[in-house]
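Plus 910 on top of the position in the sequence shown (first one is 1) and you've got my numbering. See below for the structure under consideration.
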Amino acid sequence: MKKRFPFALLSLILASDVVTSDAVDVGLFTTDRSARALSHVQAGLDDDSLDQSALGRSFFTIPWVEAPSATTARDGLGPLFNANSCASCHKNNGGGAASTLGGKSLSRSIVIKLAQRVDALSNQTNLNAGFKPDPVYGGQLAINGTSDVPFEGQVAVTIDSRIFTYPDGRQVTLTKPLFRISQLNYGPLSETTTLQPRRSPALIGMGLVDAIPDTQLIQRQDEHDQNNDGISGRASWVFSVEEKKLKLGRFGWKASTTSVNEQVANAAHNDMGLTNPLFPDENCTAAQTACNRAYKSGGFDIPEQRLKAVSFYLRHLRVPVSQSVAQEEGGQLFLSTGCQACHQTAYTTDKGVEVNPYSDFLLHDMGDDLADDSGFTGSSLTGTDRQVQGAEWRTAPLWGLGLAKTLNPQAGYLHDGRATTIEQAILWHDGEALKAKNRFTQLNKKERDLLLSFLDVL
911 MKKRFPFALL
921 SLILASDVVT
931 SDAVDVGLFT
941 TDRSARALSH
951 VQAGLDDDSL
961 DQSALGRSFF
971 TIPWVEAPSA
981 TTARDGLGPL
991 FNANSCASCH
1001 KNNGGGAAST
1011 LGGKSLSRSI
1021 VIKLAQRVDA
1031 LSNQTNLNAG
1041 FKPDPVYGGQ
1051 LAINGTSDVP
1061 FEGQVAVTID
1071 SRIFTYPDGR
1081 QVTLTKPLFR
1091 ISQLNYGPLS
1101 ETTTLQPRRS
1111 PALIGMGLVD
1121 AIPDTQLIQR
1131 QDEHDQNNDG
1141 ISGRASWVFS
1151 VEEKKLKLGR
1161 FGWKASTTSV
1171 NEQVANAAHN
1181 DMGLTNPLFP
1191 DENCTAAQTA
1201 CNRAYKSGGF
1211 DIPEQRLKAV
1221 SFYLRHLRVP
1231 VSQSVAQEEG
1241 GQLFLSTGCQ
1251 ACHQTAYTTD
1261 KGVEVNPYSD
1271 FLLHDMGDDL
1281 ADDSGFTGSS
1291 LTGTDRQVQG
1301 AEWRTAPLWG
1311 LGLAKTLNPQ
1321 AGYLHDGRAT
1331 TIEQAILWHD
1341 GEALKAKNRF
1351 TQLNKKERDL
1361 LLSFLDVL
């Protein structure tokens, strides 16, 4: 029989409640904490499913090439693109690098979205990505082009540093990346276009998140803060390219994508220039003549079968859990500081599996320091239009957080990769998270270390 725990205990017990549940019996989770922790396919799949997963992994991992090519199954890269494989942005299926490490170039795992405001009912094609594209450069800056197509531009980063001082006198250096575009090959950006950096997320538990019923997410929102706790999370309703209607967003930094398949199709199109059933047109704007004249194959670069295979592979990866029981003191501090108000647990999927992603998947105002200017008008639960503000972000799931550096030693945190440690990420919290951050900073060093150790084994 499946074990059930009070909400608080679920936050304190990492995987010990999960690893004894029915879910592990069917191989949904793994206790592997190595660099391969996010690479294990769920147990219990039949032969056809294993074949589909292997096919998806192949197209996820092996680089794509420019068309035409003898490798017809993997040609179609570009004409404009950022990376030539999914794996190049998701090392070991983990998250992207920090943007504040220095060096001559920015990691390909951080892309620059080009954002303008969009009305929910007037431009539904682009609504699922959370922004309106620049009229010349489109919705994302491409740093690479195929042989006869100039790249769009290059990205330079300078770093702004500031010192945060705890009440006990200990100091932490916080860094913020300042992005600048150079070598623009198609003229200037629109004056109303802003740069929106996005670090690639870890690909953890995507199938389980997809399987959480909408009702469980909707019932956790408190848009008007009726309980007066300072937290006013709200659901993100966005246009689904796949189903041609407004749906609940749950993936992406702005909860702007509604399903794993849509997320894969979107990334294939924007990051690698691969046409597919959901995004059938080449990733060129009308002003990009060379891009429009480039060779085009007769069908989709990644047809439906292969697209769904990649989605299947990602949906059926095991979720890593800790073999050890979390430090009780650190877990209690996670609760008493108020972190769990947004980083929530205790969901049940449509197949009855209990999961603890440590997120409410709602949008929250995180304050001006984390804000960008990407806004679009979405439909709220009541049906009225409301703009997603630049300071609003989906609560980042924390499961697997402690594996970030194991999967990618250069891993960063937050949407733009500004933080290089979990502690720095906490100290950037503001807005609705300010009270929780202040409670954290008021802890003594031993208590802060206990809470950070708790997070480090998630």
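Note that CB positions come from ideal geometry on N, CA and C, so glycine has one too.
By the C-beta density criterion, ARG1216 is buried, having at least 16 other C-beta atoms within 10 angstroms. If only uninterrupted alpha helix (DSSP H) runs of at least 4 residues are considered, those enclosed by the stretch 1136 to 1186 are 1170 to 1182. When the five nearest sequence neighbours on each side are left out, the beta carbons in the same chain lying within less than 8 Å of the beta carbon of LEU1127 are those of ALA1145, LEU1158, ARG1160, ASP1270, PHE1271, LEU1272, in order along the chain.
Residue burial annotation: ILE1336 is buried, with at least 16 other C-beta atoms found within 10 angstroms of its C-beta. GLY1322 places its beta carbon less than 8 Å from that of SER1009.
Counting other Cβ atoms within 10 Å of its Cβ, LEU1113 reaches 16 or more and is therefore classed as buried. The continuous alpha helix (DSSP H) containing ALA1335 extends over residues 1332 to 1337. The stretch 1341 to 1354 and the stretch 1136 to 1145 touch, with no fewer than 3 CB-CB distances between them shorter than 8 Å. Here the alpha carbons of THR1331 and THR941 stand approximately 23 Å from one another.
PHE1350 sits close to THR1247, with the two beta carbons spaced by under 8 Å. The beta carbons of PHE1089 and PRO1107 sit closer together than 8 Å.
One Cα belongs to THR982, the other to VAL975, and the distance between them is close to 9 Å.
Ranked by how close their Cα comes to the Cα of GLN1026, the residues HIS1000, ALA1314, GLU1101 have GLU1101 in first place. With distances taken between CA atoms, ASN1054 lies nearest to ASN994 out of ASN994, TYR1076, GLY1048, THR1075.
Annotation: the continuous beta strand (DSSP E) that includes ILE1020 extends over 1020 to 1025.
Rounded to whole angstroms, the gap between the alpha carbons of PRO1319 and TRP1309 is 18 Å. Using a 10 angstroms sphere on the CB of GLU1264, the tally of other CB atoms reaches 16 or more, which defines it as buried. For PHE991, the three-state secondary structure derived from DSSP is strand. Where ALA1066 is concerned, the enclosing beta strand (DSSP E) starts and stops at 1064 to 1075.
Contact check for PRO989 and CYS1249: beta-carbon distance about 45 Å, past the 8 Å limit, so the pair fails to qualify. SER1092 and GLY1063 have their C-alpha atoms spaced approximately 6 Å apart.
Within the same chain, Cβ atoms closer than 7 Å to the Cβ of THR1083 are found at SER1071, ILE1073, the five residues on either side in sequence being excluded. Per the coordinates, the alpha-carbon of THR1085 lies some 6 Å from the alpha-carbon of ILE1069. With respect to the 8 Å criterion, ILE1022 and LEU1051 are classified as neighbours on the basis of their beta carbons. ILE1128 sits in a helix when the DSSP states are folded into three classes.
Counting only runs of 4 or more residues that sit fully inside the stretch 928 to 974, the alpha helix (DSSP H) segments are 932 to 935, 957 to 971, in chain order. Looking at the DSSP output, LEU1113 bridges to nothing. Using a Cβ distance threshold of 8 Å, GLY1240 and VAL1170 do not count as a contacting pair. In this structure, ALA1314 is the residue among PHE1364, ALA1314, ASP1326, LEU1365 with its C-alpha nearest to the C-alpha of ARG946. Cβ-Cβ distances below 8 Å link HIS1226 to VAL951, GLN952, LEU955, SER959, SER963, GLY1117 in the same chain, with the five nearest sequence neighbours on each side left out; the list follows chain order. Annotation for ASN1202: GLU1192, CYS1194, ALA1196 place their beta carbon closer than 8 Å to its own, counting only its chain and skipping 5 residues before and after. Shortest Cα-Cα distance from PHE1222 to any of PRO1267, ASP1058, GLU1172, LYS1206 involves GLU1172.
In this model, GLY1013 and ALA1066 are separated by some 10 Å (Cα to Cα).
According to the DSSP assignment, LYS1001 belongs to no alpha helix (DSSP H), since it is labelled neither H nor E. In the three-state reduction of the DSSP assignment, GLY1248 falls in the coil class. Counting C-beta atoms within 10 angstroms of its own C-beta, GLY1312 has 16 or more neighbours from the protein chains shown and is therefore classed as buried.
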